[in-house]
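There are 2 protein chains.
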Amino acid sequence: MASEDWIAVDWGTSHMRLWHLRGSDVLAKVHSADGMGGLTRDGFEPALKKLIAELPQEPQGDVLRVFACGMAGSRQGWAEAPYATAPCTPPSAAEAVRAPVRDGKLLVHILPGVKQTSPADVMRGEETQVAGFLALNKDFDGIICLPGTHTKWVQVSAGEIVSFRTYLTGEMFALLSEQSVLRHSVNEDGWENDAFLAAVSHAMGRPAGVASDLFALRAESLLDNLDPAVARSRLSGLLIGMELAAARPYWLGQNIAVLGARGIANAYCGALQAQGVPVTLADAERMTLEGLKAARASLQEIVT
Amino acid sequence: MASEDWIAVDWGTSHMRLWHLRGSDVLAKVHSADGMGGLTRDGFEPALKKLIAELPQEPQGDVLRVFACGMAGSRQGWAEAPYATAPCTPPSAAEAVRAPVRDGKLLVHILPGVKQTSPADVMRGEETQVAGFLALNKDFDGIICLPGTHTKWVQVSAGEIVSFRTYLTGEMFALLSEQSVLRHSVNEDGWENDAFLAAVSHAMGRPAGVASDLFALRAESLLDNLDPAVARSRLSGLLIGMELAAARPYWLGQNIAVLGARGIANAYCGALQAQGVPVTLADAERMTLEGLKAARASLQEIVT
C-alpha cells in the first residue's frame, strides 16, 4: 500500500482541492468550485470523479483510496463524520467514516472535525492542518493560530488538541470591507503596514471602541480624504487587534505557529511580532496535505 | 407665512418620508423608496414632485416651501449642504442651502449635517432629530442616544451639540444576522429579553471577546440546537454591550434620552436601564418632524 496511487481532498464550503499522490509523492494538484455549500448529498461522488478525471494521469490500481477532510464530513455533507471531542489527538483513519459510493473502485475516508463543549466551539479541516504540522514538528508544544474566515487559536500539548477558540474576524472583515458603508472608503488590495500595526495596537488597548473606530474610517474618508489603502489596513488592524486582546491568554509568553495563506498569515505574524512574540510561519495548504498523508499512514498501521 | 402649506422631508439613503403641513398641522404623510442612494442629481426634483403628487390634497399657495434633512444634502445628493462643525447648535434655516429647481413654484431648503474634527465623525439627519427633541425639551442637558444602522451618542449642553460618536453596531448586526455564517443560527424576528440582557452584561465585561462569542452562537447551534430566537437576542446583546462598554463616558451618571424606532430603541433602553441608568424614550420620526418645524420657524425669524 505504501507506494500505491491515492487521492487527498480538502473539501471546503466553497471549494475543493485535490491531490493525486503515489505513496508520499505528489503527482498533480487540481481544484474546483464544487464546495459542500453547492452540493446535495448525491452530488459529492460525481464532483469527486469529475475532478479526478481532470488529472493529467489516470490514478493506477484496482482500488482508489481517497482521504478527505473538511465540510464533506458535516451534517449537510457527503457523510456525517461526528466530531471528536477535545482534548483529543487530531482524528486519524480509525475515526474516519466511509462515504457511500456507487463506483466500487473508490474507497472514500472522511475525517471528522473536533468539537469543544465549553465554551462551545467546532472545527472541520483545521484539525487536519494541526495534524500535518505535528507530523512535521513532532515535539511541538504551544499555540497554533490558523487565520482565515473563522480564525482558530488551538492549544496543543503532548500531541493533543487541548482547547481552542474561534473568532469571526475574517468574515467580519469581508462583510465590512465589501458590503458595509466602509466599502466606499477602502480599496481592494492596498496595504500600509504601519497603519495596520498602529490600528492593532490601538484596538488592543481599547477593544470595546472598535465599532466607533470603524465608523471613524468613513468619517475621515469624507472629511479628510483618507487614503483607501490606509483605511483598509486600519480596518484589518482594528479587527485583528480586538482578537489579539481577547486571545492574549493563548499567545502571551507562548510558542506560536501561524498556519495560513500568505497574505493573512503575514498580517497575523506582523501583529504578533509587534507584541514581542516569536512566531513560526507555515503554509496552510501544505499542512492540510501533510495531515491527510498522516491520516493515510495511520490507516496503514491499522491494516498492517 | 405661519399658516401656509409646506412640505417636510426626511431624505435618507434608502428612503424618503414626506409630510404635508399647514402651519404646524400635519395634513398627510407619504413615503417612497426614492432614497439618495438610488438617485442621480437630476432625479431629486422628479422624486419629490412624484411623492407630492401622491398626497391626498394638493398643497395650496403660489409658492411651496420644502424643508429637507438627511442625505439629500450630501456630496452625492441634490445639493451639498456643508457640515456645520461641533460644538454648534443644530443647523437652522440660516445654514440651509437652496436646491436648484426647474419648477419655479418650489423653494427647497436643505439642512446641513454636523461634523466633528477629532475624533472624525459626521451626522446627516440626526442633528434634525436633536433639534426636534430640544424644541420640545428646551432645557435638556445630557446625552441623546440615536440607535440605528449607525448609532450616535450626542452630548448636548446649553442647546448645543458639544460632541458625538458613531458606532457601526446596527450595520454589523444586519450583516452578521443576514449574511454571515450566523444567518443559519438566528431567526428573523424572535426576541428573548433575558438572553439579550445577559449578553449585554457579558460583552460589557469582556468586549474584546465578542468575535469569539459570536462564533460560539454558531457552535452552540450545531452542537446544542440553540434556540434561534435566543441566538438572535444574544447576537444583538453582544454588539450593544460592546458599544455600551465603549460609550460608558457618555452615559455613566448622565441624563439620557433615546430617540429611535420602537424595536431598537426599546432594546437600548432595556440595556441602559439594566445598568441603572434612567432613560427617556422619544420617537425618532416625530423628532425629525419637530426638527423640520423648528427649522421652518427659524426661517420665519429671518424673514420677519
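So the protein lines, in turn, are chains A and B. Throughout the first sequence, residue numbering follows this note's numbering, covering 40 to 343 in sequence. Throughout the second sequence, residue numbering follows this note's numbering, covering 40 to 343 in sequence. Where is the CB? At the ideal position from N, CA and C, for every residue including glycine.
For residue i, collect the residues of the same chain with a Cβ closer than 8 Å to its Cβ; drop the 5 residues on either side in sequence, then sort them by chain order.
i: residue 313/A; result: 236, 239, 240
i: residue 213/A; result: 188
i: residue 200/A; result: 125, 126, 127, 128, 129, 153, 166, 169, 193, 194
i: residue 86/A; result: 55, 71, 73, 78
i: residue 161/B; result: 122, 152, 153, 154, 155, 205
i: residue 306/A; result: 186, 235, 275, 279
i: residue 90/B; result: 55, 57, 69, 70, 71, 73
i: residue 267/A; result: 224, 225, 226, 229, 260
i: residue 65/A; result: 58, 59, 328
For residue i, tell me which candidate among the options has the shortest Cα-Cα distance.
i: residue 164/B; options: 328/B, 61/B, 336/B; result: 328/B
i: residue 59/B; options: 79/B, 159/B, 249/B, 99/B; result: 99/B
i: residue 272/A; options: 177/A, 335/A, 310/A; result: 310/A
i: residue 80/B; options: 109/B, 92/B, 103/B, 117/B; result: 117/B
i: residue 144/A; options: 101/A, 172/A, 132/A; result: 101/A
i: residue 289/B; options: 150/B, 204/B, 76/B, 177/B; result: 204/B
i: residue 280/B; options: 278/A, 248/A, 304/A; result: 248/A
i: residue 304/B; options: 316/B, 317/B, 321/B; result: 321/B
i: residue 95/B; options: 69/B, 162/B, 110/B; result: 69/B
i: residue 149/B; options: 339/B, 331/B, 340/B; result: 331/B
i: residue 333/B; options: 53/B, 84/B, 174/B; result: 174/B
i: residue 335/B; options: 171/B, 119/B, 302/B; result: 171/B
Between residue i and residue j, how many whole angstroms is the CB-CB distance? I'm expecting something under 8 Å.
i: residue 167/B; j: residue 129/B; result: 7 Å
i: residue 231/B; j: residue 269/B; result: 5 Å
i: residue 198/A; j: residue 110/A; result: About 25 Å; that fails the 8 Å criterion.
i: residue 278/B; j: residue 208/B; result: 5 Å
i: residue 258/B; j: residue 135/A; result: With 8 Å as the limit, residue 258/B and residue 135/A do not qualify as a contact, their Cβ atoms being about 22 Å apart.
i: residue 142/B; j: residue 191/B; result: Rounded, the Cβ-Cβ distance is 34 Å, inconsistent with contact.
Below 7 Å CB to CB, which residues in the same chain sit around residue i once its five sequence neighbours on both sides are set aside?
i: residue 147/B; result: 105, 107, 137, 138, 140
i: residue 196/A; result: 180
i: residue 222/B; result: 216
i: residue 300/A; result: 323
i: residue 340/A; result: none
i: residue 93/B; result: 69
Would you decide whether residue i is buried or exposed? Buried here means 16 or more other CB atoms lie within 10 Å of its CB.
i: residue 251/A; result: buried
i: residue 37/B; result: In the structure displayed, chain B extends from 40 to 343; residue 37/B sits before or after that span and is not available.
i: residue 157/B; result: exposed
i: residue 234/B; result: buried
i: residue 178/A; result: exposed
i: residue 82/B; result: exposed
i: residue 317/B; result: exposed
i: residue 219/B; result: buried
i: residue 97/B; result: exposed
i: residue 210/A; result: buried
i: residue 41/A; result: exposed
i: residue 244/B; result: exposed
i: residue 359/B; result: Past the edges of chain B, shown from 40 to 343, lies residue 359/B, and the structure says nothing about it.
i: residue 67/B; result: exposed
i: residue 315/B; result: exposed
i: residue 112/B; result: buried
i: residue 253/B; result: buried
i: residue 242/A; result: buried
Cutting at 6 Å between CB atoms, please list the residues of its own chain near residue i, excluding the five before and the five after it.
i: residue 337/B; result: 131, 132
i: residue 43/B; result: 100
i: residue 319/B; result: 296
i: residue 308/A; result: 297, 318, 320
i: residue 246/B; result: 281, 284
i: residue 119/B; result: none
i: residue 103/B; result: 144, 145
i: residue 176/B; result: none
Are at least three pairs of beta-carbons, each pair with one atom in the stretch 176-187 of chain B and one in the stretch 291-301 of chain B, less than 8 Å apart? yes
message = Tell me whether the stretch 255-271 of chain A and the stretch 210-229 of chain B touch, counting them as touching only if at least three CB pairs, one residue from each stretch, are closer than 8 Å.
response = no
- Flag this pair as touching only if the stretch 314-325 of chain A and the stretch 275-290 of chain B have three or more C-beta atom pairs under 8 Å; answer yes or no. no
Mind the definition here: the stretch 44-51 of chain B touches the stretch 60-74 of chain B only if three or more C-beta pairs lie below 8 Å; say whether that holds.
yes
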